[in-house]
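Visitor: Numbering of the sequence shown is given in the numbering used here, commencing with residue -12 and proceeding in unit increments. Positions of the beta carbon are idealized from the N, C-alpha and C atoms, including for glycine.
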Amino acid sequence: MAASSSKSSLSVSSLAPIGAVAAMLSPWGLSTLKALLLEPIRVNPPVWLRVLFGLLVVANIRSTPLLWHIRVWYPAIRAIVRACACFLTPKSQALSHKAIQPQLRLETLPIGKDIFEDMSSYSFLATLDECDWNGHLSNSSYSRSLDCARMAHNVPRFIKMFSDGGSVALGGVEAWDDKWLYLVGRFVSPARPSSKKPAAAACSASTDAITEKLLPGETLYCTSTSRYVCKAGRRTIPPWLMIAASGYGTTSSNWQKAEKLRVYYLEKERKAYLEKTGKKSISAKADAKLRKKAPLLRQYRLQAERQGTEEEAWMDKSYWDLEEWETRRKQGLQRLLTSVGVLPPLEK
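Now the structure itself:
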């Protein structure tokens, strides 16, 4: 009995789609489809309903499909357009080395900047769809706004890392260790001129690490600590190298060293190609492939992989000007250890 019932249900389910298609292709089915798809929908709602619908859309604008993607990627696209040499303005003639593509406008890069003083702010209003029933920004909305703020901060500063063959996986930089770079973000209200004392004055000593950088009159609502790792392929790039190669430093020394290395590895790939093929010139197609092999961060090797040659000197911390940050870097790690309490201990 059970076998017979199963066979019957299988045959009905197999014939059902065929029957549906046949009904759609019949004269009645075709006329119905034409009326549904081709005839204009005539709807004329009253004015009050239109206004109500418009207010509903505006009040929940942040939840509009794809708007989050636009908010996140707009700062990145804007940073790329500003940095790209093809959008060069007459007032900006300083470019990165012409042999390394894409050429970037040096004024848009963090060359000669102190990374611990390089902070950014991102302003936004809390719309109705992001608030709780008290009218306050909902706890679930902080992460969504943080995505936009982090993208707006990171891409302009580490844009050179991407052309160097690196990528990052998931304010101002607080600290870094041998693997992770820590980015601290704070959600604060605008400073009120009438306030006579900083917001941090009312906080306990245990939260001083979080509130110490607040301006007088600002109110802290939320703080976040993001942990980033830089990758070139499957190899982990230490944060100090990513920071130095991006141009950070009180002088342009780190940037000049990085540019020389980029040109060196590109010319090395070109020379090896000419020797291997016996050709006298390199076609544009072949040169494009060589450029993909030559990015600086892809040349980095771990200590166990190195052969001890002079060419590998830049893979060590001592090659770069990093001592100016060392004290503040360790202080930042200690602050994070105090405020977050889940970070690894300071390296010896």
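Assign Phe174 to one of three DSSP states: helix, strand, or coil.
Guide: strand
Visitor: Given a cut-off of 7 angstroms, decide if Arg222 and Gly204 are closer than it, judged by their beta-carbon atoms.
Guide: no
Visitor: For Val327, which of helix, strand or coil comes out of DSSP?
Guide: coil
Visitor: Flag this pair as yes or no: are the beta carbons of Val250 and Thr212 separated by less than 7 angstroms?
Guide: No.
Visitor: How far does the alpha helix (DSSP H) with Ala156 in it extend, from its first residue to its last?
Guide: Element bounds for Ala156: not the alpha helix (DSSP H) but the beta strand (DSSP E), Ser154 to Ala156.
Visitor: Let me confirm a value: Pro32 is counted as buried when at least 16 other C-beta atoms fall within 10 Å, else exposed. Which label applies?
Guide: exposed
Visitor: Tell me which residue opens and which closes the alpha helix (DSSP H) that Thr264 is part of.
Guide: For Thr264, the enclosing alpha helix (DSSP H) begins and ends at Ser240 to Thr264.
Visitor: Mind the definition here: the region 83 to 92 touches the region 7 to 16 only if three or more C-beta pairs lie below 8 angstroms; say whether that holds.
Guide: no
Visitor: Pair every Cβ in the region 301 to 317 with every Cβ in the region 231 to 246, then say whether three or more of these pairs are closer than 8 angstroms.
Guide: The way I'd put it, the region 301 to 317 does touch the region 231 to 246; three or more beta-carbon pairs between them come closer than 8 angstroms.
Visitor: Contact defined as beta carbons within less than 8 angstroms: I believe Ser336 pairs with Lys147. What is the distance between those atoms, to the nearest angstrom?
Guide: No answer is possible for residue 336: it lies beyond the span of the chain, which begins at -12 and ends at 335.
Visitor: So for Ile146, helix, strand or coil by DSSP?
Guide: helix
Visitor: In or out: Asp164 buried (at least 16 other Cβ within 10 Å) or exposed?
Guide: buried
Visitor: Would Asp151 be called buried (16 or more neighbouring beta carbons within 10 Å of its own) or exposed?
Guide: buried
Visitor: Quick one: what does DSSP say Gly319 is sitting in, helix, strand or coil?
Guide: helix
Visitor: In whole angstroms, what separates the C-alpha of Gly265 from that of Pro282?
Guide: 24 angstroms
Visitor: May I have the straight-line CA-CA distance separating Glu292 from Ala113, to the nearest angstrom?
Guide: 51 angstroms
Visitor: So what's Thr194 in DSSP terms, helix, strand or just coil?
Guide: Unreliable placement is indicated for Thr194, whose pLDDT of 47 sits below 50; no coordinate value is reported for it.
Visitor: Taking only three categories from DSSP, how would you classify Lys218?
Guide: strand
Visitor: Can you grab the Cα-Cα spacing for the pair Thr296 / Gln321, in whole Å?
Guide: 36 angstroms
Visitor: Comparing C-alpha positions only, which one of Ala86, Asn126 and Ser132 sits nearest to Leu54?
Guide: Ser132
Visitor: On the three-state DSSP scale, how would you describe Pro52?
Guide: Pro52: coil per DSSP, three-state reduction.
Visitor: Specify, as a first and last residue, the run of the alpha helix (DSSP H) that Ala231 falls within.
Guide: Pro226 to Ala232
Visitor: Excluding five sequence neighbours on each side, which residues of the same chain lie with their C-beta closer than 7 angstroms to the C-beta of Arg278?
Guide: Gln88 and Leu253
Visitor: Mind checking Ser57: buried by the 16 CB within 10 Å criterion, or exposed?
Guide: Inspection of the sequence shows that residue 57 is occupied by Ile rather than by Ser. Per the 10 Å Cβ criterion, exposed.
Visitor: What would DSSP say about Thr296, mapped onto helix, strand or coil?
Guide: coil
Visitor: With Ala46 and Leu124 assumed to form a contact (beta carbons below 8 angstroms), what rounded beta-carbon distance in angstroms separates them?
Guide: Wrong, their Cβ atoms sit about 15 angstroms apart, outside the cutoff.
Visitor: Quick one: Cα of Ser83 to Cα of Ala219, how far?
Guide: 21 angstroms
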